[in-house]
Amino acid sequence: MLNYILLVFVPIALVLELLHAPGVWIFIVSALALLPLASWMGRATEELAARTGSTVGGLLNATFGNAAELIIAGVALAAGKLEVVKASITGSILSNLLLVLGLSIFLGGLRFNTQRFNANSANIMATLLVLSMVAFLLPAFFDLAERTYFRVDPTLPDLDFSHAAAIVLVLVYLANIWFSLRTHRDLVSGRDETHLEDHPATWSVPVSIGVLAAATVGVAVMAEFLVGSLEAATSVLGLSEFFVGIILIPLVGNAAEHFAAIGFAIKNKMDLAVQIAIGSALQIALLVAPLLILLGWIIGRPMNLVFQNPLELAALAASIIATNAVVRDGETNWLEGFLLLGVYVLLGFAFFFTPR
Amino acid sequence: MLNYILLVFVPIALVLELLHAPGVWIFIVSALALLPLASWMGRATEELAARTGSTVGGLLNATFGNAAELIIAGVALAAGKLEVVKASITGSILSNLLLVLGLSIFLGGLRFNTQRFNANSANIMATLLVLSMVAFLLPAFFDLAERTYFRVDPTLPDLDFSHAAAIVLVLVYLANIWFSLRTHRDLVSGRDETHLEDHPATWSVPVSIGVLAAATVGVAVMAEFLVGSLEAATSVLGLSEFFVGIILIPLVGNAAEHFAAIGFAIKNKMDLAVQIAIGSALQIALLVAPLLILLGWIIGRPMNLVFQNPLELAALAASIIATNAVVRDGETNWLEGFLLLGVYVLLGFAFFFTPR
Amino acid sequence: MLNYILLVFVPIALVLELLHAPGVWIFIVSALALLPLASWMGRATEELAARTGSTVGGLLNATFGNAAELIIAGVALAAGKLEVVKASITGSILSNLLLVLGLSIFLGGLRFNTQRFNANSANIMATLLVLSMVAFLLPAFFDLAERTYFRVDPTLPDLDFSHAAAIVLVLVYLANIWFSLRTHRDLVSGRDETHLEDHPATWSVPVSIGVLAAATVGVAVMAEFLVGSLEAATSVLGLSEFFVGIILIPLVGNAAEHFAAIGFAIKNKMDLAVQIAIGSALQIALLVAPLLILLGWIIGRPMNLVFQNPLELAALAASIIATNAVVRDGETNWLEGFLLLGVYVLLGFAFFFTPR
């Protein structure tokens, strides 16, 4: 229902843009319009996946799951807003691991005393997360070493190393897909089946493709409006671009994941809730981030993978440590969700208090 | 027995103070006098807890367990010794996680080949510890980001953020109490019962309250003497105030926990030993530290939660990583205790070698 | 077979050295000659161990397992190449935890869907690894605190603290030996028996001692050639000495571990593969590194245990975090091995891109 109603913001955004309305209004309305569009992209992808059989379908889901975030970040990259792009990558990982997972565990835990899920499968995802994050954070330490230890200008080696890291991350992503769709499908089959039960295909393939195309165009246009009105909006709202990138954009881009994961959690299907939250974070780190690096390389907007802000680094490390501590034993309760949310709120304060 | 004998240092400290004896003597004698006083405070709290039923009793234990440390640190705060206060917070966490837990595991492990405890309950405590510590350490990274990345004066935002962090930490503390006394009492009931068996109520309520009041006054007075003689004592003993705060004060303040935890460990009641050590560290991080921040706010001694000394940060992180590695599997042996002690000794060397 | 053939490089190296051939050739040939010599040292140690009964034998294996690396690093230390020595310590830990373990898990995982090993024993090794690494990395944070927080010259306290840390590390090493050969032999006996089955004693004691002595002399001579030709070789090959120390020397020194661990992994004896990789890393951190510190103290080449390069620190932390994530659950699959290798390759890029 909400997915239909919120679409009304799409024409409103178009009208405001044509009328050259104040940037802050365009910003707010296009952000609201992105919510249903991102959700429809996800829905169409799942419909296509349900029609195409589990291997191709799994591939589709794995590749387009964060397409909306990729488009928004890509538009920001093309506009030269590198810090916003990087902040939105970090923020998307944080929001998946702390906010989506935290809300799911907290709300699910209010209804069920202890919620259990497959510890084996959760362990593998947590291990993937740890190893991906190590690879993801290395460029920052590389840069730190360049600047403070070797005392050289880190610009060029940073770029070279970021390109190398992006390629390694994409290889890890492909290996992960091969693993979950080919060699160790049994490990994840249980949850996929449950997943499919919840989402039987109801659309024909042409309808799915049509909806996907329309929603993608819509996301791209709204992302243009959002990025175009960013400066005007931040100065009126008194927020830093960093805060918009690290908190607000991920809230919009991950809205669909929020609803899906929380919905599963309060039905006591924690396997799916955990899989959505961690899987989406993994996809940002292993696919979206390196694709943005490579995209920047191609379109001549060289962007590195270096997170220089120590708070951003600490936040990423903290979110992974926290997720690991919570999911490793295959059991959750409301307090664990509350703690994840507490960490997220604290990070939100920190990002809010940072100077603009 | 020792608890009675050591009380003799209370009048000695009073006499020395009246005679304006050299500071170093007042310092040593008041530190020795604090040992039995802190222990009597703990004993009286437990007696009250045993009389008042398990919910109120649990609350009492959870709130007053580290009251002696809070009083000592509060006196130091009022005297403007902010670095000593912060060092004593860090030191108390280190001493609980490395020294109390290490000695318990080591000495228990010398008598029993492998000691087992409820891995489930230990996992939840370890998870709490990790998430609390993330929240506890964030202000330091916030400060680092302010100074080295944004290059702004961090004084004001540090204070604002520390106040926000203190409030979040207290909320987490309250949630934790609600969790263990209300929604998940079953998870901890087993150990509570064992606990009560060991400590049946033998005092009447008025006696308990009387002892608690007397011991509290005693602790407050001795803490005044200790803090007042700090400068004289450190210059004579050749120790830094930082070393006194991070090693000596926690040794005095945690003496009761030491004896209790080790006593349980050598009776092979590792659940209780682990619970005392980790629970006490949690209480310092979630209650004592934020209360001191808020107290400083109120009495006009603004103190932040920022640990700028990289060694302090590393020590806190190390103690949590080490504790997690040891307790996660629900089994301990003497070597694990030996290693925890090794880390503590090494930290002690590091703090000793730091310049005064 | 290969162990015999590669010995041909020993006389070639001698001839090249006598002819004063270009340094780069001496460097390459002596590196190749070290491969079989290190392997023969290991073989002779195992033969001796099989003859002397399991306690003395275990002690021999535990003490001489990384003797080749110790000799190479000792020669570099005597030549004053402190940065190469430190880099080779770091590199040896990285290569054991990421490359040896990663290749074993990856290649083993290609043949077996899921490989299982004793999670209990792996947990204890992982815990030892974490605690040892905490002790191992503390001097770096001590130095950081000296320089950036206390703003004093760290040279002298660094040395004092490094000596203290070296002594603590050796004590932990002795405790670990006591643990595995005396008090908790049962915990490791299963794997030792399998180990002995694979390696029954075939040499007499005098032959073993003779081979050990000859191989040791060979290693020492080749190490002299390698270190002597280091500068000439690095300038011709365009590599930094740091890269040689952190990547190439450990490849040579750990070649025997590589073959042994991979051999066990593809026979599905993961207990042994994991034990070799982690055990060897532990030995570097707890025995080889402190012995080098103490050796430097004695021969007047004062070396501290401080790793100032942030990338080196991050790499060590990353390798331990990664290993822990992978082995804790007692199960591995090819993807986990692939990820460990991915982290190693990424580190290799980083070390390669660092300025010389």
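If you read the sequences in order, they're chains A, Y and B.
Sequential numbering of the first sequence, starting at 97, is according to my numbering.
Sequential numbering of the second sequence, starting at 97, is according to my numbering.
Sequential numbering of the third sequence, starting at 97, is according to my numbering.
Where a beta carbon is used, it is the ideal one built from N, C-alpha and C, also for glycine.
Legend entry - According to DSSP, residues forming a beta bridge with residue 211(B): According to DSSP, which records beta bridges pairwise, residue 211(B) is partnered with 428(B).
Legend entry - Cβ neighbour criterion (16 or more within 10 Å) applied to residue 309(Y): Exposed: under 16 other Cβ atoms inside 10 Å.
Legend entry - C-beta neighbour in chain Y for residue 348(A), strict 7 Å: Cβ-Cβ to chain Y under 7 Å: no for residue 348(A).
Legend entry - Under 7 Å by beta carbon: chain Y residues contacting residue 404(A): Residues of chain Y passing the Cβ test: 245.
Inset, instruction - Return no unless some Cβ of chain B is closer than 7 Å to the Cβ of residue 174(Y). - result: Not closer than 7 Å to any Cβ of chain B, the Cβ of residue 174(Y) fails to qualify, so no.
Legend entry - Own chain, CB closer than 6 Å to residue 143(B), minus 5 neighbours either side, in chain order: 297, 299, 304.
Legend entry - Spatially closest choice to residue 175(Y) from 219(Y), 213(Y), 397(Y), by CA coordinates: Per the Cα distances, 397(Y).
Legend entry - Inside the stretch 123–174 of chain B only - alpha helix (DSSP H) runs reaching at least 4 residues: Counting whole runs of 4 or more residues, the stretch 123–174 of chain B contains the alpha helix (DSSP H) stretches 150–160, 163–174.
Inset, instruction - Using a Cβ cut-off of 8 Å, pull out every chain A residue sitting near residue 417(B), in sequence order please. - result: Contact of residue 417(B) with chain A by beta-carbon distance below 8 Å involves 226, 230.
Inset, instruction - Use the C-beta contact count for residue 254(A): other C-beta atoms within 10 angstroms, 16 or more gives buried, fewer gives exposed. - result: By the 10 Å Cβ count, residue 254(A) comes out buried.
Inset, instruction - Verify whether the separation of the beta carbon atoms of residue 208(B) and residue 364(B) is less than 7 Å. - result: Yes, the Cβ-Cβ distance between residue 208(B) and residue 364(B) is below 7 Å.
Legend entry - Same chain, Cβ closer than 7 Å to residue 434(Y), five either side skipped, listed in chain order: The answer, listed in chain order, is 202.
Legend entry - Pairwise C-alpha distance: residue 408(B) and residue 107(B): Near 36 Å, if we compare the C-alpha coordinates of residue 408(B) and residue 107(B).
Legend entry - Residues near residue 264(A) by beta carbon distance below 7 Å, same chain, minus five either side: Result list for residue 264(A): 231, in chain order.
Legend entry - Opening and closing residue of the alpha helix (DSSP H) in which residue 252(Y) lies: That run of the alpha helix (DSSP H) goes 251–274.
Legend entry - Other residues of its chain near residue 290(B): CB distance less than 8 Å, five sequence neighbours each side excluded: In this prediction, residue 290(B) scores a pLDDT of 48, lower than 50, which makes its location untrustworthy; no coordinate-derived value is stated.
Legend entry - Three-pair Cβ contact test at 8 Å for the stretch 316–328 of chain Y versus the stretch 137–156 of chain Y: The stretch 316–328 of chain Y vs the stretch 137–156 of chain Y: no contact.
Inset, instruction - Would you be able to state if there are at least three C-beta pairs under 8 Å between the stretch 438–446 of chain B and the stretch 214–226 of chain B? - result: Fewer than three Cβ pairs drawn from the stretch 214–226 of chain B and the stretch 438–446 of chain B lie within less than 8 Å of each other, which leaves the two stretches out of contact.
Legend entry - Option in 248(B), 109(B), 266(B) with minimal Cα separation from residue 391(B): With distances taken between Cα atoms, residue 391(B) lies closest to 266(B).
Inset, instruction - Could you please give the first and the last residue of the uninterrupted alpha helix (DSSP H) stretch that includes residue 184(A)? - result: 178–190 is the span of the alpha helix (DSSP H), which, as asked, contains residue 184(A).
Inset, instruction - Under 8 Å by Cβ, that's how I've got residue 317(Y) and residue 165(Y) pegged, so tell me the actual separation to the nearest angstrom. - result: Contact between residue 317(Y) and residue 165(Y) is absent: CB atoms are separated by about 16 Å, not below the 8 Å threshold.
Legend entry - Residue-chain proximity (residue 377(Y), chain A), Cβ-Cβ < 7 Å: It does not: the Cβ of residue 377(Y) has no partner Cβ on chain A nearer than 7 Å.
Legend entry - Beta-carbon proximity check, residue 405(B) vs residue 245(A), cutoff 7 Å: It is a contact, given that the beta carbons lie within the stated cut-off.
Inset, instruction - Kindly indicate the opening and closing residues of the alpha helix (DSSP H) around residue 105(A). - result: It spans 105–114 - the alpha helix (DSSP H) in which residue 105(A) sits, taken as one unbroken run.
Inset, instruction - For residue 219(A), go through chain B and note every residue whose CB falls closer than 7 Å to its CB, in chain order. - result: Think of a sphere of 7 Å around the beta carbon of residue 219(A): the chain B residues whose beta carbon falls inside it are 425, in chain order.
Inset, instruction - Given a cut-off of 7 Å, decide if residue 186(B) and residue 342(B) are closer than it, judged by their beta-carbon atoms. - result: Yes, Cβ-Cβ distance for residue 342(B) and residue 186(B) is below 7 Å.
Legend entry - Residue closest to residue 418(B), alpha-carbon to alpha-carbon, out of 139(B), 99(B), 432(B): Comparing Cα positions, the closest option is 432(B).
Legend entry - Nonlocal neighbours in the same chain, by C-beta distance under 6 Å from residue 171(A), ignoring five residues either side: Cβ within range, chain order: 319, 320, 323.
Inset, instruction - Decide if residue 113(B) is buried, meaning its Cβ has at least 16 other Cβ atoms within 10 Å, or exposed. - result: Here residue 113(B) is buried. Its C-beta has 16 or more other C-beta atoms within 10 Å.
Inset, instruction - Can you tell me which of the three DSSP states residue 472(Y) falls into? - result: Residue 472(Y) falls outside the range modelled here, since chain Y spans only 97 to 452, and no answer is possible.
Legend entry - Short CB-CB distance (under 7 Å) between residue 412(A) and chain B: Taking CB atoms only, residue 412(A) has no neighbour in chain B less than 7 Å away.
Legend entry - Of the residues 449(B), 146(B), 278(B), the one placed nearest residue 453(B), counting alpha carbons only: A query on residue 453(B) cannot be resolved here, the shown segment of chain B reaching from 97 to 452 and no further.
Legend entry - 4 or more residues per run - each alpha helix (DSSP H) lying fully within the stretch 322–362 of chain B: You should have 326–333, 345–349, 351–362.
Inset, instruction - Could you confirm whether any beta carbon from chain B is found closer than 7 Å to the beta carbon of residue 123(Y)? - result: False, the Cβ-Cβ gap to chain B never drops below 7 Å.
Legend entry - chain A within 7 Å of residue 236(B), Cβ atoms only: Judged by the 7 Å Cβ criterion, residue 236(B) is not in contact with chain A.
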